Amino acid sequence: MLNEQEINRIKREVDSYRNIDILSYIDEVMPWMKPIQHTVRRFSELLERSEVIYALISDYAVNFYGIPYWSRDIQFAIKGIDFRQLTSILSESFFGKLVERSGCLTILDLQMNNFLTICSEPNPLRWDDKMVERISKTIMDVKILSPEDYIVHLIKRGGLREIDLAAKILYLKFKAIDKDYISWRARSYNVEKELYALIEKLS
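All residue numbers for the sequence shown refer to the numbering used here, where the first residue is 115 and numbers rise by one.
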């Protein structure tokens, strides 16, 4: 878990971009992310047209929670469509199937040469009705998990980077977080202790 020095660093970093437009900031400071943005937006539009339930769940999604973060990792979780159906949709939209294993499909954006991973579950979490109800759409029309679900998703993944990112989102959105819901979600995945430790250090 994060020590006091790391918590203070996180608070300074988050406070420094509380009142900025994150997407404009990314365009200005990290212009090399534009091809990734294009792929994410194009694939999201494809899923929307096909009426597929989905959410962007990879590290790149962190940007949509208000934390600027450079990542080429593009991963979506989908629900209500199998990979055979999805592959037939992809073939008409310049996305190519590469490999399928362990409940995930790796595809290539043939326009931008970016790789995407599509999973049937928001691993390490699992779809449920409450999670689906709380999916939200960003300013770029890309759907993401609720902050509460995404924070638990990061904590459950358990790496130092993931805990750092979870702490940043939690600190940024602390007043708006549904404390009862995030506690229930964390308890469901046996990470309530880790969540409460972060809350205590950040408050």
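Glycine included, every Cβ here is placed at the ideal spot set by N, Cα and C.
Since this is a predicted model, take the numbers as computed values, not measurements.
Residue i to residue j span [Cα, whole Å]
i           : j           : result
residue 155 : residue 126 : 31 Å
residue 130 : residue 241 : 34 Å
residue 194 : residue 119 : 44 Å
residue 261 : residue 302 : 16 Å
residue 175 : residue 196 : 23 Å
residue 247 : residue 255 : 17 Å
residue 164 : residue 220 : 19 Å
residue 226 : residue 153 : 7 Å
residue 298 : residue 128 : 26 Å
Residue closest to residue i, alpha-carbon to alpha-carbon, out of the options
i           : options            : result
residue 223 : 201, 216, 239, 283 : 201
residue 250 : 170, 148, 147      : 170
residue 253 : 128, 138, 116      : 138
residue 258 : 311, 301, 278, 167 : 167
residue 305 : 121, 182, 158, 272 : 272
residue 312 : 211, 302, 279, 298 : 279
residue 233 : 158, 244, 227, 218 : 218
residue 146 : 184, 157, 117      : 184
residue 192 : 162, 212, 142, 177 : 162
residue 228 : 136, 157, 144      : 157
residue 206 : 160, 294, 309, 173 : 160
Helix, strand or coil at residue i [DSSP, three-state]
i           : result
residue 300 : helix
residue 142 : helix
residue 122 : helix
residue 228 : strand
residue 89  : A query on residue 89 cannot be resolved here, the shown segment of the chain reaching from 115 to 317 and no further.
residue 249 : coil
residue 259 : coil
residue 239 : coil
residue 222 : strand
Residue i vs residue j beta-carbon contact at 7 Å
i           : j           : result
residue 231 : residue 189 : yes
residue 265 : residue 283 : yes
residue 268 : residue 180 : no
residue 315 : residue 121 : yes
residue 124 : residue 281 : yes
residue 270 : residue 238 : yes
residue 182 : residue 150 : no
Short CB-CB distance (under 7 Å) between residue i and chain B
i           : result
residue 271 : Of the protein chains in this structure there is only one, and it is not chain B.
First through last residue of the beta strand (DSSP E) which encompasses residue i
i           : result
residue 214 : 209-215
residue 191 : 189-193
Delimiting residues of the alpha helix (DSSP H) encompassing residue i
i           : result
residue 160 : 148-163
residue 281 : 274-286
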